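J.:
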Amino acid sequence: MNRKVFFVTAACSLVAFFFFAGTSVWAGEGTGQTSAPVPSATGQASGGAVSQALSEADRNAAVAAVEAWLKLLDEGKYAESYKEAGAYFRNSVSEGEWLRAIATFRGPHGKAASRKKISTTTTPPLEGLPEGDYLVVEYETNFEKKQNCTENVTALKDPEGKWRVIGYHLTQLAPEAENKPGAQAN
7 MNRKVFFVTA ACSLVAFFFF AGTSVWAGEG TGQTSAPVPS ATGQASGGAV SQALSEADRN
67 AAVAAVEAWL KLLDEGKYAE SYKEAGAYFR NSVSEGEWLR AIATFRGPHG KAASRKKIST
127 TTTPPLEGLP EGDYLVVEYE TNFEKKQNCT ENVTALKDPE GKWRVIGYHL TQLAPEAENK
187 PGAQAN
């Protein structure tokens with residue numbers, strides 16, 4: 007399946023954008039050609055049961071924080087989404103970099119027409135990331151101008167006990183691979 011992937015995260019002072027299907031773009035400090043470890047859904051999936059490492063209250067608080075943050079993106083409130091992101095994100099990526107990147111790659115899709123949570127996954131911190139509780143929330147999302155997308159949002163519980171977003175990953179079918187009337191499946 008031909009898939010186009012967009013990934014924004016704060017890790018090792020960069021915002022990374024990955025586009026499979028031919029294009030790679032990197033933005034960040036230094037040469038801009040460096041990748042970095044990021045939280046990913048390699049932990050325990052929550053197929054309905056709450057992870058032993060995370061209480062149900064924490065999981066619910068993390069999901070609520072993620073959904074409030076996604077609403078800011080849907081409404082085009084990118085500066086506010088930056089301010090609401092975790093300190094690790096804000097200390098790693100300038101507000102200007104974030105505003106340019108998210109407006110370019112997320113803005114054209116418009117608001118979410120539908121968004122369905124499909125999983126929550128706990129994950130331990132990876133090398134170079136702060137210690138703490140992480141939760142990755144995955145959604146099936148249809149935007150006003152783009153259908154059949156998956157959003158993965160990584161949240162970290164900050165020292166004050168508040169869940170904040172530190173990673174955003176948007177995956178979509180490449181335009182030529184989307185289901186179109188009369189298109190044949192391979």
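When we follow the numbering used here, the leftmost residue of the sequence shown carries the number 7, and every step to the right adds one.
For every residue, glycine included, the Cβ atom is placed at its ideal position computed from N, Cα and C.
What you are looking at is a predicted structure, and each value in this text was computed from that prediction instead of being measured.
Which whole-angstrom value is the C-beta distance of Thr128 and Leu141, which I expect to be below 8 Å?
T.: Reading the sequence shown from its first residue, position 122 is the one you call residue 128. Reading the sequence shown from its first residue, position 135 is the one you call residue 141. That pair is a contact at about 6 Å.
J.: Between which two residues does the alpha helix (DSSP H) harbouring Val72 extend?
T.: Counting from one through the sequence shown, the residue named residue 72 turns up at place 66. Residues 62 to 80.
J.: Are Gly113 and Gly82 touching if we call contact CB-CB under 8 Å?
T.: Indexing the sequence shown from 1 puts residue 113 at position 107. Indexing the sequence shown from 1 puts residue 82 at position 76. Their beta carbons are under 8 Å apart, which means Gly113 touches Gly82 by this criterion.
J.: From Val171 to Ala74, what does the alpha carbon distance come to, in whole angstroms?
T.: Sequence index remark: in the sequence shown, residue 171 carries index 165 (1-based). Sequence index remark: in the sequence shown, residue 74 carries index 68 (1-based). So the two alpha carbons sit approximately 10 Å from each other.
J.: Let me check understanding here. Comparing Cα to Cα, which of Lys117, Ser98, Ile124, Asn66 lies closest to Gly173?
T.: On the sequence shown, position 167 is the one that residue 173 refers to. Of the listed residues, the one whose Cα sits closest to Gly173 is Ser98.
J.: Could you please give me the residues that DSSP links to Leu105 through a beta bridge?
T.: Along the sequence shown, one-based indexing puts residue 105 at 99. Leu105 pairs with nothing; no bridge assigned.
J.: Which residue from Leu176, Lys168, Gln178 puts its Cα closest to that of Lys63?
T.: As a working note, residue 63 is residue 57 in the sequence shown. According to the sequence displayed, residue 63 carries Ala and not Lys. Nearest of Leu176, Lys168, Gln178 to Ala63, Cα basis: Lys168.
J.: Let me check one thing: in DSSP terms, what residues is Ala161 bridge-paired to?
T.: Taking the sequence shown and counting its residues from 1, the one referred to as residue 161 is at position 155. For Ala161, which the question treats as bridged, DSSP gives the partners Leu141, Val171.
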